[in-house]
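Read the sequence shown against the numbering used here and you will find it ends at 321, with the numbers running on by one and no gaps.
Where is the CB? At the ideal position from N, CA and C, for every residue including glycine.
Treat the numbers as computed from the prediction; the structure is a model and nothing was measured.
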Amino acid sequence: MTDTNRIDPLPSQTLPDRLSVDPSSRYYDEAVLARNVGIRFNGVEYNNVEEYCISEGWIRTSFGKTLDRRGKPLTITRKGVVEPYFKD
234 MTDTNRIDPL
244 PSQTLPDRLS
254 VDPSSRYYDE
264 AVLARNVGIR
274 FNGVEYNNVE
284 EYCISEGWIR
294 TSFGKTLDRR
304 GKPLTITRKG
314 VVEPYFKD
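Here it is, written out as structure tokens:
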């Protein structure tokens with residue numbers, strides 16, 4: 234007899250297709266962000282990524298210390314190869 238209700242002791246190793254660090258975004262996932270996600274974009278590691286999308290191939294990075302009219306960081310979108318990974 235197999236137990237179909239087993240709980241996997243390790244959290245999922247897969248990252249979502251799209252993830253945002255902004256709590257007001259629908260792509261925000263606190264559980265995934267708590268695992269310390271890293272982003273490699275076109276072979277270069279970025280640490281200022283606000284949002285990414287693997288399938289569409291873009292990242293959104295903050296543009297210096299500039300803020301928009303709502304007080305959020307001003308961002309620019311860059312297109313290329315996105316490789317998210319867990320740093321732990």
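Where the beta strand (DSSP E) through residue i begins and ends
i: L266; result: Here L266 belongs to no beta strand (DSSP E); instead the alpha helix (DSSP H) covers 263-266.
Reduced DSSP secondary structure (H/G/I, E/B, other) of residue i
i: D241; result: Because the pLDDT at D241 is just 44, under 50, the model does not fix this residue reliably, and the point stays unresolved.
i: G313; result: coil
i: S253; result: strand
i: K298; result: strand
i: I292; result: strand
i: T308; result: strand
Residues bridged to residue i [DSSP beta-bridge criterion]
i: F319; result: V270
i: Y285; result: L252, I292
i: Y279; result: I272
Pick from the options that is closest to residue i, judged by C-alpha positions
i: V270; options: E283, R259, G276; result: E283
i: Y279; options: D255, I292, R259; result: I292
i: R311; options: R273, F319, K320; result: R273
i: I287; options: D301, A264, E316, E263; result: E316
Straight-line gap, residue i to residue j (C-alpha atoms, nearest Å)
i: L252; j: T299; result: 22 angstroms
i: G313; j: V277; result: 11 angstroms
i: M234; j: T308; result: Per-residue confidence for M234 stands at a pLDDT of 49, beneath the threshold of 50, marking its modelled position as unreliable; no derived number is given.
i: G297; j: N281; result: 10 angstroms
i: S295; j: K305; result: 9 angstroms
Neighbour flag for residue i against chain D, beta carbons, 7 angstroms
i: E284; result: In summary, chain D is missing from the structure at hand, where a single protein chain is found.
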